[in-house]
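Participant: Have a look at the structure that comes next, please.
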Amino acid sequence: MKITYLGTAASEGLPAPFCFCPVCQKARELGGKSMRTRSQALVDDRLLLDFPPDTYFHGLLHGIDFLQVTDLLVTHSHSDHWYPGDLQTTVEPFGHHAPAYTLTLHGNETVCRDYLDGLAAREPKVLETVHAQTVHAFETFSAGDYQVTALPADHCYTEESLFYLVERQGKALLYAHDTGYFLDSVWEYLAGRTDLRLGLVSLDCNHGFEDNMRNHMSFQADALVRDRLKEMGLADEQTVFVCNHFSHNGGGSYEELSRRAQEQGMLASYDGMTVEF
1 MKITYLGTAA SEGLPAPFCF CPVCQKAREL GGKSMRTRSQ ALVDDRLLLD
51 FPPDTYFHGL LHGIDFLQVT DLLVTHSHSD HWYPGDLQTT VEPFGHHAPA
101 YTLTLHGNET VCRDYLDGLA AREPKVLETV HAQTVHAFET FSAGDYQVTA
151 LPADHCYTEE SLFYLVERQG KALLYAHDTG YFLDSVWEYL AGRTDLRLGL
201 VSLDCNHGFE DNMRNHMSFQ ADALVRDRLK EMGLADEQTV FVCNHFSHNG
251 GGSYEELSRR AQEQGMLASY DGMTVEF
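Under the UniProt record's numbering, the sequence shown has 114 at position 114, and the numbering climbs by one with no breaks.
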């Protein structure tokens, strides 16, 4: 299994356009891996995680063939994770493709309702290409060749915010964005998955160096999640742990974030980073 991090920032991006804090200023000066777009990832070139306003740019920058993407998992409706307007390019005259292309959108009720009452109501043809499937916490469903389990996130309390466990042919990815330290119900579910061995765990690190456990996580919280997963036998020394979804409010250039992550035996993500496991 392979994951490519297309965007690794929080909602404001990094540097944020109207911000001149020291972190944003340093990112402008350094460029490179310290520059981050809004959060998105691609699994095996065909399973897309979230759909931010930067999706179009990600396609240009990383040479993505979106016609190979069969399924889209959306975590919640915040605009840095869900920007449905660009899905109109799946239909004529905005997109020309043969044979016929279809994409299955998997998301909570808010995400699917936003799509159906918004873009699909204005552009009904999109219903021929983008099929919405509402999912709820602890439901396991098929997304192409993958078995996906939706888990409840500690985030965005006005809707059923989710994160995802993705499995295929004995490989497993836990993609935990946006969320605080896992809810008790998530730990109970994971405790029952004695068959599960995680190859890669991607953990929210929005608060970076600032300790935080609720709504988002930090380096401190990520280490606690890692340790508990190992204690439960769901992860081991072969499991790759990635800190991801960084905000200027958490502080740090890529080099500073990477140094802290390495001290914890983890990786700090950057835009374009690919990990095979």
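Cβ atoms here follow ideal geometry from the backbone N, Cα and C, with glycine treated the same way.
Is it right to say arginine 122 is buried, meaning 16 or more other beta carbons lie within 10 angstroms of its own, or is it exposed?
Facilitator: Translated into the one-based positions of the sequence shown, residue 122 becomes position 122. When all chains shown are included, arginine 122 counts as exposed.
Participant: For histidine 248, name the three-state secondary structure that DSSP assigns.
Facilitator: For the purposes of this step, residue 248 is identified with residue 248 of the sequence shown, where counting begins at 1. Helix.
Participant: Assign histidine 136 to buried or exposed, taking buried as 16 or more other Cβ atoms, counted over all protein chains shown, within 10 Å of its Cβ.
Facilitator: Position 136 of the sequence shown holds residue 136. Exposed.
Participant: Quick one: give me the first and last residue of the alpha helix (DSSP H) that residue 350 is part of.
Facilitator: Any question about residue 350 goes unanswered here, given that the chain covers just 1 to 277.
Participant: Taking the beta carbon of tyrosine 157 as the centre, do at least 16 other beta carbons fall within 10 Å, making it buried, or is it exposed?
Facilitator: Residue 157 sits at position 157 when you count from the first residue of the sequence shown. Classification of tyrosine 157: exposed, given that the 10 Å Cβ count is below 16.
Participant: Need the endpoints of the beta strand (DSSP E) that serine 202 sits in, please.
Facilitator: Position 202 of the sequence shown holds residue 202. Note, serine 202: beta strand (DSSP E), 200–204.
Participant: State the DSSP-derived secondary structure class of leucine 174, mapped to helix, strand or coil.
Facilitator: One-based indexing of the sequence shown puts residue 174 at position 174. Correct three-state label for leucine 174: strand.
Participant: What are the boundary residues of the beta strand (DSSP E) that arginine 168 is part of?
Facilitator: In the sequence shown, the residue the question calls residue 168 occupies position 168. Arginine 168 -> beta strand (DSSP E) spans 162–168.
Participant: Could you say which of Ala261, Gln40 and Ser79 lies nearest to isoleucine 3 if we only look at CA atoms?
Facilitator: Counted from its first residue, the sequence shown places residue 3 at position 3. That would be Gln40, whose Cα lies nearest to the Cα of isoleucine 3.
Participant: Across the segment 136–151 and the segment 165–172, are there enough close Cβ pairs to call them in contact, namely three or more that are closer than 8 Å?
Facilitator: Because the criterion of three Cβ pairs below 8 Å is met, the segment 136–151 and the segment 165–172 touch.
Participant: In the DSSP assignment, the beta strand (DSSP E) including proline 152 goes from what residue to what residue?
Facilitator: Here residue 152 corresponds to residue number 152 of the sequence shown, with the count starting at 1. Per DSSP, proline 152 belongs to the beta strand (DSSP E) from 146–152.
Participant: To the nearest angstrom, how far is the alpha carbon of arginine 236 from that of glycine 199?
Facilitator: Reading the sequence shown from its first residue, position 236 is the one you call residue 236. Reading the sequence shown from its first residue, position 199 is the one you call residue 199. The residue asked about is misnamed: residue 236 is aspartate in this sequence, not arginine. Taking the straight line from one Cα to the other gives about 9 Å.
Participant: Give the DSSP-derived three-state secondary structure of histidine 58 in the structure shown.
Facilitator: For the purposes of this step, residue 58 is taken as the residue at position 58 of the sequence shown. Histidine 58: helix per DSSP, three-state reduction.
Participant: For my contact list, valine 69 and valine 91 are in at a C-beta cut-off of 8 Å; report their separation, rounded to the angstrom.
Facilitator: Residue 69 sits at position 69 when you count from the first residue of the sequence shown. Residue 91 sits at position 91 when you count from the first residue of the sequence shown. Between valine 91 and valine 69 the Cβ distance is about 15 Å, and since that is not below 8 Å, they are no contact.
Participant: Can you list, in chain order, the residues of its chain with a C-beta nearer than 8 Å to that of leucine 234? Leave out the 5 residues immediately preceding and following it.
Facilitator: On the sequence shown, residue 234 is found 234 positions in, with the first residue counted as 1. Closer than 8 Å at Cβ, skipping near neighbours: Leu190, Arg193, Leu196, Arg197 and Leu198.
Participant: Helix, strand or coil for alanine 235, going by three-state DSSP, please let me know.
Facilitator: In the sequence shown, the residue the question calls residue 235 occupies position 235. Coil.
Participant: Taking the C-alpha atoms as reference points, what is the distance between aspartate 178 and glycine 7?
Facilitator: The residue you call residue 178 lines up with position 178 of the sequence shown. The residue you call residue 7 lines up with position 7 of the sequence shown. Rounded to the nearest angstrom, the two C-alpha atoms are 13 Å apart.
Participant: Glutamate 109: which of Asp86, Lys230, Thr75 and Thr89 sits nearest, CA to CA?
Facilitator: Mapped onto the sequence shown, residue 109 falls at position 109. Of the listed residues, the one whose Cα sits closest to glutamate 109 is Thr75.
Participant: With DSSP run on the structure shown, which of helix, strand or coil describes glutamate 101?
Facilitator: Residue numbering aside, residue 101 sits at position 101 when the sequence shown is read from its first letter. According to the sequence provided, residue 101 is tyrosine. The question's glutamate does not apply to it. The answer is coil: DSSP assigns tyrosine 101 none of H, G, I, E or B.
Participant: Can you tell me whether residue 296 is buried or exposed? The criterion is at least 16 other CB atoms within 10 Å of its CB, across all chains shown.
Facilitator: Since the first and last residues shown for the chain are 1 and 277, residue 296 lies out of range.
Participant: Return the chain-ordered list of same chain residues with a C-beta closer than 7 Å to the C-beta of threonine 129, the five sequence neighbours on each side being excluded.
Facilitator: Residue 129 sits at position 129 when you count from the first residue of the sequence shown. Thr90, Val91, Tyr101, Thr102 and Leu103, listed in sequence order.
Participant: Exposed or buried, what is residue 282 when buried is set at 16 or more other beta-carbons lying within 10 Å of its beta-carbon?
Facilitator: The requested residue 282 does not occur in the structure, where the chain is confined to residues 1 to 277.
Participant: Looking only at C-alpha atoms, which of Leu119, His207 and His216 sits nearest to alanine 153?
Facilitator: For this step, residue 153 is matched to residue 153 along the sequence shown. It is His216 whose Cα lies nearest to the Cα of alanine 153.
Participant: Taking DSSP's pairing of strands, which residues face threonine 179 in a bridge?
Facilitator: Numbered from 1 along the sequence shown, position 179 holds the residue referred to as residue 179. Threonine 179 is not bridged to any residue.
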